[in-house]
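In this note's numbering, the protein residues as written are 243 to 537. All residues carry an ideal CB built from backbone N, CA and C; glycine is no exception. As structure tokens, the structure follows; a few thoughts come after it.
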């Protein structure tokens, strides 16, 4: 039994066809079928039968093997991630995932300052959406990550920053006279905010569901200028945060009003897998982040 055999089997199971699975790889359907039949011989089981239409019908033994393949692939991925982490540690390399928007708050010199303080540590960082950042950390693609709340329970997270969530709105809108917004104010309103791969989107949709309301149209974008312009042109509410609305670029425009959303914050922290022992490089970056944000 070897890994490719298991992958061929899993693909045939998914597509219910040797020929369709073979085209995906690609290889000959005869070669793929031979690999699966070899598995059957080794395990002394029948994995597939054929229905009246000629499609493969998995047997209970195939169901059991598919569970095994799923666990095996997960363990294989974890093993590779551990090896990558070991190689990175040997090179004094630190792989950092950063949620989109965080580095914009920290400033372009944040990483450079760490590099100057720790010239022996090679920092490799990548900015990506909230969900991808968490997935990357959990899969071992990153050693640590600057990640947005709510935090994954599998992570050990040190919160670094919290700020009220704001929304921009046209000064001519009736809501502009309020001192703050409530989720009920979003009923049937058009909203521009980051897409479903960002945690603020999920948070707001869950709040709306709990309040028994529905938004109007939602325009998904990760571009803060588009969200501001969405409000400025009177199209609806545009997502923001306190540190953004205070920027002179936005604050000086009197045609837009920024209002906080009652009891809702945008937060981020520095995280590592709870199950992983931190390397000296990880400790150095975590300490740097905590001290820099406390200053």
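Please name the residue in the options whose C-alpha comes closest to that of residue i.
i           : options               : result
residue 336 : 419, 342, 326 and 343 : 326
residue 527 : 495, 359 and 481      : 359
residue 367 : 417, 373, 339 and 376 : 339
residue 300 : 257, 456 and 494      : 257
residue 518 : 481, 386 and 464      : 386
residue 343 : 505, 472, 490 and 463 : 463
residue 504 : 531, 378, 436 and 425 : 425
residue 533 : 283, 400 and 303      : 400
residue 306 : 328, 324 and 282      : 282
Short check: CB of residue i to CB of residue j, under 8 Å?
i           : j           : result
residue 364 : residue 499 : no
residue 248 : residue 263 : no
residue 250 : residue 285 : no
residue 422 : residue 459 : no
residue 492 : residue 472 : no
Compute the Euclidean distance between the alpha carbons of residue i and residue j, then round it to the nearest angstrom.
i           : j           : result
residue 265 : residue 316 : 25 Å
residue 535 : residue 483 : 17 Å
residue 523 : residue 457 : 45 Å
residue 394 : residue 376 : 7 Å
residue 447 : residue 480 : 15 Å
residue 288 : residue 384 : 41 Å
residue 396 : residue 404 : 21 Å
residue 512 : residue 295 : 54 Å
residue 276 : residue 298 : 15 Å
residue 467 : residue 381 : 32 Å
residue 311 : residue 508 : 39 Å
residue 348 : residue 355 : 11 Å
residue 318 : residue 345 : 32 Å
If residue i sits next to residue j, beta carbons under 8 Å apart, how far is it from one beta carbon to the other, in whole angstroms?
i           : j           : result
residue 510 : residue 398 : In fact, because the Cβ distance is near 15 Å, the residues do not count as touching under 8 Å.
Per DSSP, what kind of secondary structure is residue i in: helix, strand or coil?
i           : result
residue 295 : coil
residue 430 : coil
residue 347 : helix
residue 304 : helix
residue 421 : coil
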